[in-house]
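Novice: Quick one: the structure is below, questions incoming.
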Amino acid sequence: MTNYLLKLATKGEKNYENKEIRLRIGYLAGIVGLIINITLAIIKLTIGLIISSIGVIADGFNNLSDSASSIIMLLGFKISNIPPDKEHPYGHARAEYIATLIIALMIIFVGFEFIKSSYERIVNPKAIKFDNISLIILSISILFKAWMSHFNRVLGDKINSSSIKATSIDSLGDVLTTTIVVLSLFVGRYTNLPIDGFVGLIIAVLIIYSGYTLVRETISALIGESPPEELTEAIYEDILSYDYITGAHDLVIHTYGVGKTMATIDVEFPSNIDVITIHNVIDRAERELGKKYNMTLVIHMDPLAPESKERYELRNKIKNIIMKNPKVRSMHDFVIFKRDNGDEIIEFHVVVDGNKILKQETKEFIKHEVKQMVESELTHVKCNIIVDIEY
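In the numbering used here, the protein residues as written are 334 to 724.
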């Protein structure tokens, strides 16, 4: 069914990075979710009112909030597809993150509301009118939600959508909550304890936790996250495959939402290469790699002067010294120059692994640490070090 609906929505097109295809898949997820959640909400609320079960009613309202979430997701996809304008030159793709955040806050609100109603049911228990038909209907709803979780996971992975992936996780949570409700109805037949109220509390906590997880993940995306390590490694590897490029560093990747990613990188090349020649190589790299990774890539050129044997040996000595520091990943932009007073200064950038830095270790601290390592072994050397932190 999932593949059939996907093929129907995309008309067989499999270019999932295409904006139009992405929008169609987003609409598909929203419309299917809206139809199923409204249907389940009506059924569960009706059953809950008939048998006087706060657990079933809570589950029904959870589905109702999922319906609202589907509407917000649809609006998010609609807004995120609006082209760039004067006020928003990088487009509106982050609107999808905002939609996900609203969905998450709604989920949390519903959870807190049912903590209140479940507590009241524990304090003032009420007999549940159990019947087999209700049990069967609720069990069938579990199957629908399990399929929805799979459906949204497939769609979310296809287009890398945070809001659809969030819906998949939420649907999986619904499978668990409805299963607990069904078990409580069954157990409630054999005890006078207010099982229904306690089950309502469990469901409420699960709902709140689900919402909290979505809030945390969405805010993290809005603030800005480190790119996947495999992506950065692939870009470095690809860029070094171009003619004349001998090194690369300072890769920065930032996203303005799915489908709107920008990156900058510095590349090194021999300074004796003709400017027009290297410029053509850089243009081709920007175009080809930008297309391959679906991003806007800007490359800065760092020409390297030919090295004498002495300069080459000195650079390698310094590199070997600083690489003894476990925090140091690499060095680049190695330059030797003289100050006005005649002192010879060696300047270079040190790339440090941010995951290995202690909280109290500032850039200035690391700079002093590395400088001391070099100058203690090479007493004739004076260093000026620029620290670059990468995560």
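Ideal placement from N, C-alpha and C gives every residue a C-beta, glycine not left out.
Bear in mind the structure is a predicted one, so any value in this text is a computation, not a measurement.
From Ala432 to Met406, what distance separates their C-alpha atoms?
Specialist: Those two C-alpha atoms are separated by around 6 angstroms.
Novice: Measure the CB-CB distance between Gly590 and Arg427 and report whether it falls below 7 angstroms.
Specialist: Yes, these two residues count as a Cβ contact at 7 angstroms.
Novice: Which same chain residues end up closer than 7 angstroms to Ser413 when comparing Cβ atoms and leaving out the 5 residues on each side of it in sequence?
Specialist: Cβ within range, chain order: His425, Ala426, Ala428, Glu429 and Gly590.
Novice: As a quick exercise: from Tyr645, His665, Gly530 and Leu476, pick the residue whose alpha carbon is nearest that of Val683.
Specialist: That would be His665, whose Cα lies nearest to the Cα of Val683.
Novice: Per the DSSP calculation, Lys726 is bridged to which residue(s)?
Specialist: An answer regarding residue 726 cannot be provided, because it is not within the stretch 334 to 724 covered by the chain.
Novice: If you count every other CB in all the chains shown that lies within 10 Å of the CB of Lys419, and 16 or more means buried, which is it?
Specialist: Exposed: under 16 other Cβ atoms inside 10 Å.
Novice: Let me make sure I understand the geometry here. Which of Ser663, Pro527 and Glu723 has the alpha-carbon closest to that of Asn649?
Specialist: Cα-wise, what sits closest to Asn649 is Ser663.
Novice: Buried or exposed: where does Lys660 fall if 16 or more other Cβ atoms within 10 Å of its Cβ makes it buried?
Specialist: Classification of Lys660: buried, given that the 10 Å Cβ count is 16 or more.
Novice: Enumerate, from N- to C-terminal direction, the unbroken alpha helix (DSSP H) stretches of 4 or more residues contained entirely within the region 527-605.
Specialist: Runs of the alpha helix (DSSP H) inside the region 527-605: 528-556 and 562-572.
Novice: Could you check whether the region 522-534 touches the region 393-400, counting it as contact only if at least three pairs of C-beta atoms, one from each stretch, sit closer than 8 angstroms?
Specialist: These segments do not touch.
Novice: Could you tell me the boundaries of the beta strand (DSSP E) in which Glu723 lies?
Specialist: Taken as a continuous stretch (DSSP letters only), the beta strand (DSSP E) holding Glu723 covers Cys716 to Glu723.
Novice: For the region 561-570 against the region 434-453, are there 3 or more C-beta pairs whose distance is under 8 angstroms?
Specialist: They do not touch, by the three-pair rule.
Novice: Once the 5 residues before and after Lys704 are set aside, which same chain residues still bring their CB inside 6 angstroms of it?
Specialist: Contacts found: Cys716 and Ile718.
Novice: Could you tell me the distance, in whole angstroms, from the CA atom of Ser501 to the CA atom of Gly359?
Specialist: Roughly 13 angstroms separates the two Cα atoms.
Novice: If you draw a straight line from the alpha carbon of Asn613 to that of Thr579, how long is it in whole angstroms?
Specialist: Taking the straight line joining both Cα atoms gives about 16 angstroms.
Novice: Apart from the five residues just before and just after Thr343, which ones in its own chain have a Cβ nearer than 7 angstroms to its Cβ?
Specialist: Result list for Thr343: Ile354, Arg357 and Ile358, in chain order.
Novice: Can you give the Cα-Cα distance for Val389 and Pro458, rounded to whole angstroms?
Specialist: Val389 and Pro458: Cα-Cα distance of roughly 15 angstroms.
Novice: Below 7 angstroms between beta carbons: does that hold for Ile541 and Ile441?
Specialist: Yes, they are a contact pair.
Novice: Would you identify the three-state DSSP class for His730, choosing helix, strand or coil?
Specialist: Not covered by the structure: residue 730. The range shown for the chain is 334 to 724.
Novice: Once you ignore the five residues that flank Ile669 on each side, which residues in its own chain have a CB closer than 7 angstroms to its CB?
Specialist: So the list reads Arg644, Glu677 and Ile679, once near-sequence residues are dropped.
Novice: Could you name the residues of the same chain whose beta carbon sits closer than 8 angstroms to that of Ile470, not counting the 5 residues immediately before and after it, in chain order?
Specialist: Within the same chain, Ile470 has close Cβ partners Ile376 and Ile380.
Novice: What three-state label does DSSP hand His701 in the structure shown?
Specialist: Three-state DSSP puts His701 in a helix.
Novice: Which full runs of the alpha helix (DSSP H) of 4+ residues lie inside the region 371-458, going along the chain?
Specialist: As far as the region 371-458 is concerned, its whole alpha helix (DSSP H) runs of at least 4 residues are 387-413 and 428-456.
Novice: Since Leu637 sits in a beta bridge, which residues does DSSP pair it with?
Specialist: Answer is Pro603, bridged to Leu637.
Novice: Quick one: what's got a C-beta closer than 6 angstroms to Leu382's C-beta in the same chain, skipping five residues either side?
Specialist: Answer for Leu382: no residue qualifies.
Novice: Which term fits Pro417, buried or exposed, when burial requires 16 or more other beta carbons within 10 angstroms of its beta carbon?
Specialist: Flag for Pro417 reads exposed.
Novice: Per DSSP, which one or two residues make a beta bridge with Thr629?
Specialist: Beta-bridge pairing links Thr629 to Met595.
Novice: Report the residue from Gly345, Glu346 and Leu408 whose alpha carbon sits nearest the alpha carbon of Leu367.
Specialist: The candidate whose alpha carbon is nearest that of Leu367 is Leu408.
Novice: Considering Leu505, what are the terminal residues of the alpha helix (DSSP H) in which it resides?
Specialist: Note, Leu505: alpha helix (DSSP H), Ser495 to Gly521.
Novice: On the CB-based measure, 16 or more other CB atoms within 10 Å of its CB, does Asn465 come out buried or exposed?
Specialist: Exposed is the call here.
Novice: Can you tell me whether Val631 is buried or exposed? The criterion is at least 16 other CB atoms within 10 Å of its CB, across all chains shown.
Specialist: The residue in question, Val631, is exposed, as its Cβ has fewer than 16 Cβ neighbours within 10 Å.
Novice: Quick check on Met706: does DSSP put it in helix, strand or coil?
Specialist: Met706 falls in the helix class under three-state DSSP.
Novice: Cβ atoms of Ala581 and Ile606: under 7 angstroms apart, would you say?
Specialist: The answer is no: Cβ separation not under 7 angstroms.
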